[in-house]
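Enquirer: Counting from 1, position 133 in the sequence shown corresponds to residue 133 in the UniProt record's numbering; the numbering is continuous, with no gaps.
Got a structure here, written out as structure tokens. Questions coming.
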Amino acid sequence: MNLEALTHLNPCLTRSVGEADAISEDAPVSEVGTPQELEFSDLFDVVHLDEKWFNADKDKRKTYVVPDPARRVCKSKHFVPKVMFLAGVARPRPEEGFDGMIGNMVTTLVNVDGATYRDFVLHQVVPEIKSRFPSKTKRVFLQHDNATPHATIDDGVLAEVTTDGWVFMVRRLPPNSPDLNVLDLGFFASIQAQQYKTFSRSVDDVISSTLCAFEALSVETLGNVFLTLQAVMRQVLEHNGNNDFKIPHMKKDTLRRCGSLIANFTCPVSLLLRANSVLQQSNP
């Protein structure tokens, strides 16, 4: 029997264990006073920013129990209506009335340039943070990838909005690093799955269905992705900074229903020390 497998070419990643910054100092301690496990930070002070194209329809759809599937036509796949969707999310805190949805912006048929991204951050994301973040959190990290438009946001620009006791800093993931943005680790996929349930014929339909999908997603869905992020950070450490691993699945909804879902992942101290050693050897 012949077995076939589809493989994907993955980028060669730089060896980085910067994820260790997300390890909390509060950790279980052994009898002799040496911590054995370190708990990941709850990441309450981090806002993840990213953008994604959302199409009116996808190229292929599966249909079941129908004599003949409906005929779908388009002049070209290049002419499928689409919009660029920018979003900012933080880890939700339902007990404090905060759902984690910081802001969203839709641009029609244009790529997001530096000016658009800067306007989104300064005039939508930051005001939303100031009005909705729990009052005890006034130091906020804005985390995004190394895309060119994101270079317009730096600590100097954020100094303009660092007022009234608020402190804003930017974290830019280095090139060729593992994906550590919750929007790319499942939240955008959840939005798109919800959006595809609504048939869209025009750009306005795509905008409406995308915004509705963003608002319809539950707090639990966003919270799940933050746990996935912590699990991925641990996998990155275990694989010495590479991405040759599968995203862990821990049946979070089932555990939540049973009341046994953990708040944060932990990381063995031995793993952290080994990863740091690998980093030092690769960057003498």
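Think of the CB as a built atom: it goes at the ideal place given N, C-alpha and C, for glycine as much as any other residue.
When the distance is taken between beta carbons, is Tyr117 closer than 8 Å to Thr152?
Expert: Yes, the Cβ-Cβ distance between Thr152 and Tyr117 is below 8 Å.
Enquirer: Under the DSSP definition of a beta bridge, which residues are partnered with Asn276?
Expert: In the DSSP output, where bridge partners are listed per residue, Asn276 has none listed.
Enquirer: Determine the extent of the beta strand (DSSP E) in which Gly156 is found, giving its start and end residues.
Expert: Not the beta strand (DSSP E): Gly156 falls in the alpha helix (DSSP H), residues 155–158.
Enquirer: Just checking: is the beta-carbon of Leu273 within a distance shorter than 8 Å of some beta-carbon in chain B?
Expert: Included in the structure is just one protein chain, with no chain B present.
Enquirer: Is DSSP giving Phe54 helix, strand or coil here?
Expert: Strand at Phe54.
Enquirer: How far does the alpha helix (DSSP H) with Gly114 in it extend, from its first residue to its last?
Expert: That run of the alpha helix (DSSP H) goes 114–120.
Enquirer: In whole angstroms, give me the CA-to-CA distance for Glu128 and Leu185.
Expert: If you take the alpha carbons of Glu128 and Leu185, they lie about 23 Å apart.
Enquirer: Could you have a look at Ser282 and say whether DSSP puts it in helix, strand or coil?
Expert: Here Ser282 sits in helix by DSSP.
Enquirer: Kindly provide the ranges of any alpha helix (DSSP H) runs that are 4 or more residues long and lie completely inside the segment 197–258, ordered along the chain.
Expert: Fully enclosed alpha helix (DSSP H) runs of 4 or longer: 203–216, 219–238, 252–258.
Enquirer: Considering only the alpha carbon of each residue, which of Thr198, Arg171, Phe199, Met105 lies closest to Val140?
Expert: Comparing Cα positions, the closest option is Arg171.
Enquirer: Would Ile102 be called buried (16 or more neighbouring beta carbons within 10 Å of its own) or exposed?
Expert: Buried, by the Cβ-count rule.
Enquirer: Buried or exposed for Ser260, going by 16 or more other Cβ atoms inside 10 Å?
Expert: Its Cβ having fewer than 16 others within 10 Å, Ser260 is exposed.
Enquirer: For Met250 and Ala231, which I take to be in contact (beta-carbon distance under 8 Å), what is that distance rounded to the nearest angstrom?
Expert: Contact flag correct, Cβ pair sits at about 7 Å.
Enquirer: Compare the beta carbon distance of Asp50 and Asn181 with 8 Å and say whether it is the shorter of the two.
Expert: A contact, by the Cβ cut-off of 8 Å.
Enquirer: Among Leu227, Thr148, Asn240, Val206, whose alpha-carbon lies nearest the alpha-carbon of Gln280?
Expert: If we check each option's Cα against that of Gln280, Asn240 comes out closest.
Enquirer: Can you give the Cα-Cα distance for His48 and Thr107, rounded to whole angstroms?
Expert: About 19 Å.
Enquirer: Check Ala90 in the structure and name its three-state DSSP category.
Expert: Reduced to three states, the DSSP call for Ala90 is strand.
Enquirer: Given Gln124, which residues of its chain have a CB within under 7 Å of its CB, disregarding the five upstream and five downstream residues?
Expert: Counting only Cβ-Cβ distances below 7 Å, and skipping sequence neighbours, we find Gly103, Met105.
Enquirer: Which stretch, first to last residue, makes up the beta strand (DSSP E) that contains Phe168?
Expert: Looking at the DSSP string, the run of the beta strand (DSSP E) that includes Phe168 is 167–172.
Enquirer: How long is the line joining the alpha carbons of Ser131 and Val278, rounded to whole angstroms?
Expert: Roughly 42 Å separates the two Cα atoms.
Enquirer: Can the beta-carbon of Asp99 be found closer than 8 Å to that of Val219?
Expert: Yes, these two residues count as a Cβ contact at 8 Å.
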